[in-house]
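*Asks:* Below: one structure in structure tokens.
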Amino acid sequence: MIRFLSPGFAWALAAPAVILILYLLRRRYMPQQVPSVFLWRKSVKDYAANRPFQKLMKNLLLPLQLLAAVVLALALMRPAISGGAAGRTILVFDVSGSMQAVSDGRSRLDAAKEEALRLIADLPAEEEITVLAAGAETERLALKADKETAEKAVGRLECGRDTADMDRALSLADAVSRDGEKDLTATVIVFSDTYRPEQMNVRGAKFLLKIVNCGTGEENRAVYSLEAENGQAYARVANFGGACTVSLTCEADGVLCDAREVDIPEGGTAGVRFAIPETAEHVRVSLRETDALKEDNSAEAAVKHTVARKAAVTSDSVFLESALRVRPDLTVLRTENDALASTEADLYILGTSPMIFTRTLPEGGYDPEAAAFGSFSWETGEKEVSGSPALSLSESPLTGGLTLKNVFFRSIRPVSGGRPAVTLGGDPIVSWTDDAVVIGFDLHESNLPLKYDFPVLIQNILDWLLPEQAETAEAGIAPMPLAESDVRTVAPGYEPEGRRTESEKGRELTGSLLVLFLLLLIAEMGVSRYVH
Amino acid sequence: MLSDLFLSRLDTLCLMMRGRAQGGAGGSRRSRQTGSSAEFSDYREYIPGDDIRRLDWNALARFDRLFLKLFMEEQESLVTVLLDASASMEAKWASARSAAEAVGYLALTGGDRLHLHLLKNGRALRSPQLAGRSAFPRLTGFLDTCEPDGTEGTLTEAVKHAEGLRKGLCFLITDGYTEDGLKEALDYLRYLKQETAVIQVLSPGELRPEMSGALRLTDSESGETLDLMADRSALDAYHDALEDFLKKVRENCSSREAPYMLLDSGNPFEECFIPLLSKSRMI
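As you go down the protein sequences, you meet chains A and B in turn.
Residue numbering for the first sequence follows my numbering, starting at 1 and increasing by one per position.
Residue numbering for the second sequence follows my numbering, starting at 1 and increasing by one per position.
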């Protein structure tokens with residue numbers, strides 16, 4: 001089937017008509033008086049009688065000129081033959097976030113779609129066409145389909161926000177190219193704004209790879225990070241372009257609550273802090289300026305709210321209370337054993353030796369005289385520590401960051417039950433379960449409270465028994481990966497590298513027609529020279 | 001108008017005839033006819049310029065007309081110039097007229113009588129019979145009154161219309177555009193015992209036409225038109241036709257023992273005419 005790649009030049013087909021009109025109009029005889037036409041009359045008679053070839057040559061001139069004009073007009077219309085041996089074509093589309101960048105009024109993906117549809121139209125009718133969308137995952141939109149199905153699949157392409165995993169997509173393309181009993185030549189055409197041939201990482205691939213670059217260099221700014229907590233929102237903005245000043249707005253629960261202007265150096269980043277209402281659940285930070293990629297101009301995040309906790313303490317230890325207050329969400333309540341039942345707390349710290357950390361009180365209440373608590377038990381008397389028994393740490397949630405160097409104990413109360421975390425001379429002095437931790441020594445009988453290990457131990461115990469919690473609302477749209485926001489494509493511009501202009505699957509006839517036109521022109525000049 | 005220098009050159013020349021002259025008295029040619037000897041031969045009418053000593057006074061008294069006595073002796077001949085004055089001669093009229101003047105001068109200075117006939121419109125307009133050098137101005141004056149504007153009739157018709165053609169020397173000055181290549185005209189003149197010489201006058205535009213493009217040629221004489229694409233082949237065909245035509249005229253002249261001269265009106269007349277006559281052994 002012949003089609004014309006530049007049908008707009010069809011007007012040139014009127015040229016033969018113009019030549020004909022000019023030819024007819026040209027037949028105007030200039031008058032000239034001669035003494036006698038006697039000899040001219042004789043010569044014309046001889047001329048006509050003896051030179052039939054001359055008449056033929058004169059008659060040949062006009063058809064040559066008309067034919068040359070028709071050939072040139074057809075050459076301008078760029079006819080191309082579709083068809084030839086059918087093969088296998090695999091179209092791989094980069095649907096990463098950067099493909100949404102807009103240039104000249106259309107996105108890069110739209111440009112890719114248009115070019116793909118033109119390519120599909122040029123393919124033979126029996127061509128097997130596969131359409132793959134390469135995002136974070138590779139989606140197969142059409143597999144060994146006909147042209148119509150492939151065109152519909154191309155129309156369904158949509159961009160995501162993630163980076164495209166081209167290696168995975170090309171691996172799949174390689175598998176498709178090898179699949180089947182037919183020995184068909186396979187061509188993989190990648191439509192991308194960043195992919196380069198040297199990036200291909202598919203070993204042993206036998207397909208012909210062509211790349212259609214979709215995009216020109218554009219500047220862009222992006223909100224690539226957003227966090228919000230306790231009345232503050234923190235955003236970071238990246239600049240993929242020249243130095244600029246951008247305006248940022250912050251909306252809390254859909255209401256504008258703050259705005260900032262920030263200067264960003266060329267290729268740099270900047271951080272912005274916004275004040276948001278304490279009760280805000282959801283924030284959105286947006287760039288006011290428009291650029292090539294609008295999808296990364298805003299980010300959303302849920303506001304984290306820290307939950308306040310209470311710790312009821314019965315012992316009197318300044319060191320302990322100081323260690324407890326390191327947690328900002330923790331309120332320390334000093335109470336008495338008798339008032340424990342009426343004290344609501346998230347954590348109860350009971351006794352001195354042993355010192356019991358527990359989330360819940362036993363049903364019968366806390367008995368300070370008892371030698372057991374839950375699964376823990378201990379001896380009733382203190383055990384004196386003599387010499388320097390070995391202090392060992394077991395791997396546990398409580399011992400992270402501890403060294404316990406130069407820590408001494410005067411007396412201990414070994415704890416049984418639970419899992420030992422710290423032992424002294426083989427005696428567990430810190431044990432733990434899922435619900436409680438028991439320290440089997442009096443803080444006053446050790447120099448541990450004076451060591452930095454002590455607040456670390458206390459925090460470890462708190463993290464185990466009372467991990468920090470933040471209530472968050474449903475998270476919004478995450479920022480686009482930073483790499484996708486850099487749409488400064490280095491390619492020279494949109495050039496349909498993958499367009500088939502000559503291959504066994506189709507051929508443009510423009511060159512042949514131009515050669516024919518030149519030959520006709522030479523023939524016309526030769527005949528004209530002979531005639532005149 | 002012939003220059004004095006050219007005329008002075010002509011003074012040293014005289015026309016040559018193959019046959020014996022047949023004329024009146026006082027010619028320079030040998031003749032079988034009678035001359036100025038004691039033996040009376042014949043009478044003829046007096047022409048102004050003739051020797052009045054030869055007048056026959058008795059004949060005057062008897063017939064009230066002047067007659068000249070002829071004796072058995074050398075006599076002058078009659079030179080006739082037939083000058084084609086059709087419209088086709090306009091392009092080369094100057095050369096044709098000069099040729100007529102030159103031939104006429106040679107005749108007059110050679111002691112010959114001269115008749116000039118202008119051929120046009122199928123007729124011949126005859127000049128008075130001229131004799132003697134002093135008649136040359138009358139010749140030129142007669143030619144001054146002539147215009148080459150004949151558009152009707154043929155050359156042959158005009159030749160046949162010419163009166164008073166007696167045996168003698170005849171110069172036919174024409175472009176020769178006849179279908180038969182002057183054959184009939186030459187035959188007629190031969191019939192009238194004319195020793196004919198043909199001077200064919202053609203212009204450079206006729207001998208070497210330089211034309212191009214689409215042309216509508218108009219015959220200056222008949223008004224006939226001919227559309228022509230003057231390309232290289234057409235010009236080649238014209239040259240072929242011209243060569244054939246000239247060859248035909250030459251052959252007709254040759255076969256009738258009529259000297260033939262081709263006069264190119266593009267060449268300076270006074271430089272080429274005497275050599276032309278000499279080459280044709282007319283002088």
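Quick reminder that beta carbons are idealized off the backbone N, C-alpha and C, glycines included.
Along chain B, which residues have their Cβ under 7 Å away from the Cβ of A:Pro-63?
*Replies:* The premise fails here: A:Pro-63 is roughly 17 Å from chain B at the closest Cβ pair, so nothing lies under 7 Å.
*Asks:* What does a CB cutoff of less than 7 Å around A:Ser-375 pick up in its chain, not counting 5 residues either side in sequence?
*Replies:* Gly-417, Gly-418 and Thr-433
*Asks:* Quick one: measure Cβ to Cβ for A:Leu-393 and A:Leu-466, integer angstroms, because I've assumed they're closer than 8 Å.
*Replies:* That belief does not hold up - the Cβ atoms of A:Leu-393 and A:Leu-466 are roughly 22 Å apart, past 8 Å.
*Asks:* Rounded to whole angstroms, what's the CA-CA distance from B:Leu-262 to B:His-117? Just pull it up for me.
*Replies:* 20 Å
*Asks:* Measure from the alpha carbon of A:Thr-89 to the alpha carbon of each residue in A:Arg-106, A:Pro-16, A:Leu-60 and A:Glu-128, then state which is nearest.
*Replies:* A:Glu-128
*Asks:* From this set, B:Arg-166, B:Leu-139, B:Thr-145 and B:Val-81, which residue's C-alpha is nearest B:Thr-174's C-alpha?
*Replies:* B:Val-81
*Asks:* In angstroms, rounded to a whole number, what distance separates the CA positions of B:Phe-245 and B:Ala-135?
*Replies:* 37 Å
*Asks:* So, is the C-beta of A:Leu-39 closer than 8 Å to a C-beta in chain B?
*Replies:* yes
*Asks:* For a cutoff of 8 Å on Cβ pairs, would you count A:Val-71 as touching chain B?
*Replies:* no
*Asks:* How about A:Ala-308 and A:Thr-331: are their beta carbons less than 8 Å apart?
*Replies:* yes
*Asks:* For the pair the stretch 510–524 of chain A and the stretch 65–80 of chain A, tell me if three or more CB-CB distances fall below 8 Å.
*Replies:* These segments touch.
*Asks:* Write down every uninterrupted run of the beta strand (DSSP E) in the stretch 137–220 of chain B whose length is 3 residues or greater and which is fully enclosed by it, in chain order.
*Replies:* 168–174, 194–202 and 213–219
*Asks:* Quick check on the DSSP output: what are the complete beta strand (DSSP E) runs of length 3 or more inside the stretch 286–359 of chain A, in order along the chain?
*Replies:* Annotation: the stretch 286–359 of chain A contains the following complete segments of the beta strand (DSSP E) (minimum length 3 residues), in chain order: 298–302, 304–306, 309–313, 330–334, 347–350 and 355–358.
*Asks:* Which of helix, strand or coil does DSSP assign to A:Gln-33?
*Replies:* Strand, per DSSP.
*Asks:* Does DSSP put A:Ser-6 in a helix, a strand or coil?
*Replies:* coil
*Asks:* With 7 Å as the C-beta to C-beta threshold (strictly closer), list the residues of the stretch 216–234 of chain B near chain A in chain order.
*Replies:* Those residues of the stretch 216–234 of chain B that come within reach of chain A (Cβ to Cβ, closer than 7 Å) are Arg-216, Leu-217, Thr-218, Asp-219, Ser-220, Glu-221, Glu-224, Leu-226, Asp-227, Leu-228, Asp-231, Arg-232, Ser-233 and Ala-234.
*Asks:* What residue range is occupied by the uninterrupted beta strand (DSSP E) comprising B:Tyr-260?
*Replies:* That run of the beta strand (DSSP E) goes 260–264.
*Asks:* Quick one: using the 10 Å Cβ neighbour count with 16 as the cut-off for buried, is A:Glu-484 buried or exposed?
*Replies:* buried
*Asks:* In chain order, which continuous runs of the beta strand (DSSP E) of length 3 or greater are located wholly inside the stretch 126–173 of chain A?
*Replies:* 128–134 and 138–145
*Asks:* Would you grab the beta carbon distance between A:Leu-67 and A:Leu-132 for me? Rounded to a whole angstrom, and I think it's under 8 Å.
*Replies:* That belief does not hold up - the Cβ atoms of A:Leu-67 and A:Leu-132 are roughly 48 Å apart, past 8 Å.
*Asks:* Helix, strand or coil: how does DSSP classify B:Tyr-43 here?
*Replies:* strand
*Asks:* Assuming A:Phe-240 contacts A:Arg-488 (C-beta within less than 8 Å), just tell me the rounded distance between them.
*Replies:* 6 Å
*Asks:* Is B:Pro-268 helix, strand or coil by DSSP?
*Replies:* coil
*Asks:* Check whether chain B comes within 8 Å of A:Ser-36, counting only Cβ atoms and requiring the distance to be less than that.
*Replies:* yes
*Asks:* Cβ of A:Ser-358 within 8 Å of Cβ of A:Leu-340?
*Replies:* Before going further, note that residue 358 of chain A is Thr rather than Ser in the sequence given. For A:Thr-358 and A:Leu-340, no; Cβs fall outside 8 Å.
*Asks:* Which stretch, first to last residue, makes up the beta strand (DSSP E) that contains B:Thr-109?
*Replies:* From DSSP, B:Thr-109 is part of no beta strand (DSSP E) but of the alpha helix (DSSP H) over 93–109.
*Asks:* Please list, in chain order, all residues of the same chain as A:Thr-352 whose beta carbon is under 6 Å from its beta carbon, the five residues on each side excluded.
*Replies:* Excluding sequence neighbours, A:Thr-352 sits near Ser-315 and Asp-442.
*Asks:* Bridge partners for A:His-282 per DSSP, in chain order?
*Replies:* Per DSSP, A:Ala-302.
*Asks:* Just to confirm, are A:Asp-94 and A:Phe-9 a CB contact at a threshold of 8 Å?
*Replies:* no
*Asks:* Would you call B:Gly-168 buried or exposed, if buried means 16 or more other Cβ atoms sit within 10 Å of its Cβ?
*Replies:* buried
*Asks:* Just by C-beta distance, which residues in the stretch 152–178 of chain B are closer than 8 Å to chain A?
*Replies:* Asp-175 and Tyr-177
*Asks:* Could you tell me which residues DSSP pairs with B:Lys-279 in its beta bridges?
*Replies:* Looking at the DSSP assignment, B:Lys-279 forms no beta bridge with any residue, so it has no partner.
*Asks:* Please classify A:Ser-247: is it buried, with 16 or more other beta-carbons within 10 angstroms of its beta-carbon, or exposed?
*Replies:* exposed
*Asks:* For the beta strand (DSSP E) containing A:Gln-199, list its first residue and its last residue.
*Replies:* A:Gln-199 -> no beta strand (DSSP E), and no H or E assigned at all.
*Asks:* Where does B:Glu-73 fall in DSSP's three states?
*Replies:* With a pLDDT of 46 at B:Glu-73, under the threshold of 50, the predicted position of this residue should be treated as unreliable, though the coordinate-derived value follows. Here B:Glu-73 sits in coil by DSSP.
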